[in-house]
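Using the UniProt record's numbering, the letters of the sequence shown map in sequence onto residues 1 to 543.
Quick notes on the structure that follows.
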Amino acid sequence: MNFWLQHLPVLPIIVPLFAGAAMLLLADTSRYARGTISVIATLGQLAAAIALLVVAGGGVPGVWPEGVGAYLVGDWPAPFGIVLVVDRLAAVMLTLTAVLGLATLTYALARWDRAGVHFHSLFQFLLMGLNGAFLTGDLFNLFVFFEVLLAASYGLLLHGSGVARVSAGLQYIAVNLVASFLLLISIALIYGVTGTLNMADLALRAGHLTGAERMLFEAGAAILGVAFLVKAGAWPLNFWLVKGYGSASAPIAAMFSIMTKVGIYGLLRIGSLLLPTGAPAAFSLDWMFAAGLATLLFGAFGLLATQQLEKIVGYCVIVSAGTLLTALGMPGVTLTGPALFYLISSVLTTGAFFLLAELIERTRSFGANVLAVTLDAFDLDDPASVNRSDDVVGVAIPAAMAFLGLAFISCALLVTGLPPLSGFVAKFSLLSAAVSAATESAPPINAWILVAAVLVSGLAGLTGLSRTGIRVFWASDDRSTPRLRVIEAGPVAVLLLLCVGLAAGAGPVSAYLDDAARSLDQPKSYIEAVMSAQTVRGAKGGS
């Protein structure tokens, strides 16, 4: 294996780490330098993620023949040292994070990166935390990366001004501090019982626990599951999500759309490793199915109850989390691949929708929204003209309202699962797999409940978004046409075009995700790759 392939897994962590630290050394007046470094660093992460996607999928012969690679940080063998693990699922999540990060960063360069201090450093640290959470192979470093991304998200959520943002930010911080405390307690319990925090080693030891040790392990796993649920936005622990995401600046809210998926990733990753050993009750499929169903229905009712666009998008995030938890709570591997396809589509959709919601809000009179408060507080624009040319980047696009309307319709189609975009492909494949599961595995009632819940949530989304679209574009007389910039409209268009491409390339993408699902269902290759990974010194000594 050549040098670059050998060290490829660590690049998504060290690139944003060094970039974020370097930008802290620059003066506040070096705005263009910071923006350039941040864009280059994010492009580097995207390139590394795509390379890992290819290597994990077997695109490079002789490298990771089982599709799983382990990187021993500090050259300490597992389970004693820190290990980074790349498989198809981790590579998909890394690529999705980099794509969304590049789009939101580009959008932020128009104005939001100036609405506070150290935006670009905090943004890179957020990317570092997300990448590390998807790559780490042990629970303690999962906690560390969680704290890195949460610490960065605290600053980014408060980025800007306004009482609503500060209030929502404080609530968000309090809830996530409690979740982090629960995560730390669960890690301490699990380590005290098993003597390890390496996920692969934990999968080997957990099945041999009995008596009081098994009970303590079950308790630790239950607390761990609750912490993941808070981060996944599951009901009833998601009371903070809609207000927090709706109050954040547009690019940060869009970036937050993948943060709930970190909790789902944790449940999926650890649950798949513990399932062959007799998964604890906290990671049982029945429990996950029930939590997902409640979350899905809560999100559907929220879509019908609210009329504020940013809150509607927040409830779309909750619906996506509920759909994923419900689908992953079904037995077998049949629904895992379609669920991952839905995850990709929903993250791209809600990311684009959060950006679009802020553009639509500009059609309101100045002073009526959070954007106006931020622009006024940081002197980013003249209150008499929301689009002063010397304070924005890029060229105004023609037919702004036509673009907003078409983008809104696209987001509505994606959220509700109507053809012809990737939302339809994702939900159709999910429902098709659920019907197949109803005829092949028990209990079939769960499959039909999933089908009904997904259809009901789609109908609720169609009703709520149609009402909002009519109110915004047709029934309002006090709205003006905004002057949108290419650097703002471009990221929205790119994310929506990626959803079009996802639908067009559904065959190869689904095949890759089905392979990822089968790998999760048979974690032996993951465990062997971690436990048998050779140190550099060991490899040299054996040659």
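Ideal Cβ placement from N, Cα and C applies to all residues, glycine included.
Item                                                                                                                                                                                             : Value
Tell me, please, whether the segment 267-276 touches the segment 292-306 by the rule of three or more beta-carbon pairs shorter than 8 Å.                                                        : no
Hey, could you find the ends of the alpha helix (DSSP H) Val454 is sitting in?                                                                                                                   : Pro444 to Gly469
Using DSSP with H/G/I as helix, E/B as strand and the rest coil, what is Arg362?                                                                                                                 : coil
Since Gly337 and Leu296 should fall inside the 8 Å C-beta cutoff, what is the C-beta to C-beta distance between them, to a whole number of angstroms?                                            : At roughly 19 Å, the Cβ-Cβ gap does not stay under 8 Å, so Gly337 and Leu296 are not in contact.
If the criterion is Cβ atoms closer than 9 Å, does the pair Thr349 and Val415 meet it?                                                                                                           : yes
Is it true that the CB of Ile187 sits closer than 9 Å to the CB of Phe140?                                                                                                                       : yes
Leaving aside the five residues before and after Leu496 along the sequence, list all residues of the same chain whose C-beta is less than 6 Å from its C-beta, in chain order.                   : Ala352 and Ser410
Can you tell me the Cβ-Cβ gap for Leu340 and Val92, rounded? I've got them flagged as a contact below 8 Å.                                                                                       : 7 Å
Determine whether the beta carbon atoms of Ala232 and Thr260 lie at a separation below 9 Å.                                                                                                      : yes
Could you tell me which uninterrupted beta strand (DSSP E) segments, each at least 3 residues in length, are contained entirely in the segment 54-79, listed from first to last along the chain? : 69-72
Return the chain-ordered ranges of every alpha helix (DSSP H) run that is complete within the segment 228-261 and spans a minimum of 4 residues.                                                 : 241-247 and 250-256
Which residue or residues does DSSP assign as beta-bridge partners of residue 565?                                                                                                               : In the structure as shown, the chain begins at 1 and stops at 543. Residue 565 is therefore absent and cannot be evaluated.
Classify His159 as buried or exposed, calling it buried when 16 or more other Cβ atoms lie within 10 Å of its own Cβ.                                                                            : buried
Closer than 7 Å by C-beta to Glu147: which residues in its own chain qualify, once you throw out the five before and the five after it? Chain order, please.                                     : Ser180
Residue ranges of each alpha helix (DSSP H) run of no fewer than 4 residues wholly in the segment 299-331, ordered along the chain?                                                              : 309-328
Cα separation between Thr29 and Ala22?                                                                                                                                                           : 15 Å
How many Å lie between Asp381 and Val486 at the Cα?                                                                                                                                              : Note that Asp381 scores 48 on pLDDT, short of 50, meaning its location in the model is unreliable and no value can be drawn from it.
Identify the residues that DSSP records as bridge partners of Leu84: which are they?                                                                                                             : Tyr71 and Thr136
Only counting the same chain, and skipping five residues up and downstream in sequence, which positions put a Cβ closer than 6 Å to that of Gly461?                                              : Leu303, Val415 and Thr416
Name the residue from Lys427, Trp474 and Arg471 whose alpha carbon lies nearest to the alpha carbon of Ala453.                                                                                   : Lys427
Grouping DSSP H, G and I as helix and E and B as strand, with all else coil, what is Arg518?                                                                                                     : helix
I think Leu149 touches Ala133, with their Cβ atoms under 8 Å apart; what is that distance to the nearest whole Å?                                                                                : 7 Å
By DSSP's criteria, Asn198 is part of a beta bridge. Which residues make up the other side?                                                                                                      : Asp138
Going by Cα to Cα distance, which pick from Ala400, Val492, Pro12 and Val494 is closest to Thr136?                                                                                               : Pro12
Mapping DSSP to helix, strand and coil, what is Arg485?                                                                                                                                          : strand
Would you identify the three-state DSSP class for Thr416, choosing helix, strand or coil?                                                                                                        : helix
Going by alpha carbons, who is nearest to Ser320 out of Gly74, Leu455, Ala70 and Gly69?                                                                                                          : Leu455
If the criterion is Cβ atoms closer than 9 Å, does the pair Leu53 and Arg88 meet it?                                                                                                             : yes
Mapping DSSP to helix, strand and coil, what is Arg388?                                                                                                                                          : Confidence at Arg388 is low in this model, with a pLDDT of 36, below 50, so its placement is unreliable and the value that follows should be read with caution. Note: Arg388 maps to coil in three-state DSSP.
Evaluate Lys524 with the Cβ neighbour count: other Cβ atoms within 10 Å of its Cβ, from every protein chain shown; 16 or more gives buried, anything less gives exposed.                         : exposed
Whole angstroms are fine: how far does the CA of Thr194 sit from the CA of Arg34?                                                                                                                : 45 Å
From what residue to what residue does the alpha helix (DSSP H) around Ser525 run?                                                                                                               : Lys524 to Met531
Check this for me: beta carbons of Met288 and Phe123, under 9 Å apart or not?                                                                                                                    : no
What three-state label does DSSP hand Gly129 in the structure shown?                                                                                                                             : helix
How big is the Cα-Cα spacing for Leu404 and Val242?                                                                                                                                              : 23 Å
What is the DSSP secondary structure of Gly192, reduced to helix, strand or coil?                                                                                                                : helix
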